[in-house]
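Participant:
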Amino acid sequence: MSPAPTSLVRARPRTLARYGAGVVAGLASFALVGCGSEETPAPAPGSAPAATSAAAPPPETSAPTSASPTASASASSGADGNRQALLAAVATAQDELSGTTVVSVEQDDESGQTVWQVGVVTRDGDEQDVDVSADGSEVVRTERVDRQDAADRRENRALVDDAEVDVTDAVEALPGSVDGGTVDQLELDRDRGSVVWEADVLDTDRREHEIRIDARSGDVLSDRT
């Protein structure tokens with residue numbers, strides 16, 4: 017077992033003796049000068065440094081918040097989304113039954129599912145309904161309208177032939193009074209000898225507008241609430 021490390025304890029008196037009394041006197045003078053100084057003594061080994069007070073940081077302040085761009089965009093795009101879905105449903109129905117003309121579009125409920133019910137007329141005057149998903153992307157069901165005879169088919173064909181404004185143009189012709197509103201129904205019909213598009217639109221104040229658009233010129237004939 018090695019001896020205890022005591023050499024460091026003995027080294028200090030040997031070093032002092034080697035340099036003699038002059039060194040000891042010099043050290044004593046240095047100590048007296050140090051005692052007359054106003055400097056703060058160094059902390060003892062192993063002691064914690066004195067705590068210093070620092071100015072507290074200013075409280076954090078939050079920048080003023082503004083409305084979320086996404087929320088604002090979604091609020092302003094409600095009508096655009098409704099009309100885009102309507103027109104998408106029209107395109108999907110016509111892709112399903114090519115060569116047909118759309119004569120009506122209506123939001124409906126089928127077994128708890130919101131759909132667009134798109135009415136189309138074929139080249140021979142036959143009328144069919146195509147149910148399209150709420151976003152207008154896919155066909156849910158296709159159904160032929162029952163109990164159509166030759167007179168019905170002639171009337172359907174004449175209605176389509178007399179109209180010069182199609183369903184897309186009718187949507188674009190809706191008046192400014194329903195900007196931001198939701199289209200619930202749009203239907204081609206004959207009224208007192210004139211072919212018109214009849215629209216039911218809910219405006220931003222939740223008032224229902226009954227709008228009639230000339231299916232030849234695209235002019236708004238009436239807008240009733």
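Sequential numbering of the sequence shown, starting at 17, is according to our numbering. No residue lacks a Cβ here, since even glycine has one placed at the ideal position from N, Cα and C. The structure presented is a predicted model; accordingly, all values stated were derived computationally and were not measured.
Is D142 closer than 7 angstroms to R157 when the C-beta atoms are compared?
Facilitator: No, they are not a contact pair.
Participant: Rank D219, E224 and T138 by C-alpha distance to the C-alpha of A95 and give the top, closest one.
Facilitator: With distances taken between Cα atoms, A95 lies closest to D219.
Participant: Roughly how many angstroms separate the alpha carbons of D125 and S149, rounded to a whole number?
Facilitator: In a straight line, the C-alpha of D125 is about 10 angstroms away from that of S149.
Participant: By alpha-carbon positions, which one of I227, E180, G196 and R240 ends up nearest to D221?
Facilitator: The shortest C-alpha separation from D221 is found at G196.
Participant: Measuring alpha carbon to alpha carbon, tell me which residue in I229, G135 and L102 is nearest R160.
Facilitator: Checked all of I229, G135 and L102; the closest Cα to R160 is G135.
Participant: Note the first and the last residue of the continuous beta strand (DSSP E) segment covering A215.
Facilitator: Note, A215: beta strand (DSSP E), S210 to L218.
Participant: Identify, in the order they occur along the chain, each residue of the same chain with its Cβ nearer than 6 angstroms to the Cβ of E112, setting aside the five sequence neighbours on each side.
Facilitator: Within the same chain, E112 has close Cβ partners V146 and V155.
Participant: Over what stretch of residues does the alpha helix (DSSP H) that includes V183 continue unbroken?
Facilitator: From DSSP, the alpha helix (DSSP H) with V183 extends over V183 to E188.
Participant: Once you ignore the five residues that flank R206 on each side, which residues in its own chain have a CB closer than 7 angstroms to its CB?
Facilitator: These residues qualify, in order along the chain: L175.
Participant: Check whether the Cβ atoms of V236 and V217 lie closer than 7 angstroms to each other.
Facilitator: Result no, Cβ atoms of V236 and V217 do not sit closer than 7 angstroms.
Participant: Hey, out of G209, V118 and A189, whose CA is closest to R139's CA?
Facilitator: When only C-alpha atoms are compared, the closest one is V118.
Participant: Apply the 10 Å Cβ neighbour rule to T108 and answer buried if 16 or more other Cβ atoms are within range, or exposed otherwise.
Facilitator: Buried is the call here.
Participant: Just to confirm my understanding: we take S120, look at its own chain, exclude 5 residues before and 5 after, and list those with CB closer than 8 angstroms. What are they?
Facilitator: For S120, where only same-chain residues beyond five positions count, the Cβ hits under 8 angstroms are Q133, V134, G135, Q201, L202, E203 and L204.
Participant: By DSSP, does S193 sit in helix, in strand, or in coil?
Facilitator: In this structure, S193 counts as helix in the three-state DSSP scheme.
Participant: Tell me which same chain residues have a C-beta within less than 6 angstroms of the C-beta of D151, skipping the five on either side of it?
Facilitator: Only A101 meet the Cβ criterion.
Participant: May I have the straight-line CA-CA distance separating R192 from D239, to the nearest angstrom?
Facilitator: According to the sequence shown, residue 192 is Gly rather than Arg. Roughly 10 angstroms between the two C-alpha positions.
Participant: Compute the beta-carbon to beta-carbon distance between V211 and A179, rounded to the nearest angstrom, for a pair I have assumed lies under 8 angstroms.
Facilitator: Indeed, because the Cβ distance is near 5 angstroms, the residues count as touching under 8 angstroms.
Participant: Indicate the three-state DSSP secondary structure (helix, strand or coil) for G135 in the structure shown.
Facilitator: Strand.
Participant: How would you label R226, buried or exposed, when you count the other beta carbons within 10 angstroms and need 16 or more for buried?
Facilitator: A small correction: the amino acid at residue 226 is Glu; Arg does not occupy that position in the sequence shown. It counts as exposed.
Participant: As a quick exercise: from Q110, R232, S153 and S233, pick the residue whose alpha carbon is nearest that of V137.
Facilitator: With distances taken between Cα atoms, V137 lies closest to Q110.
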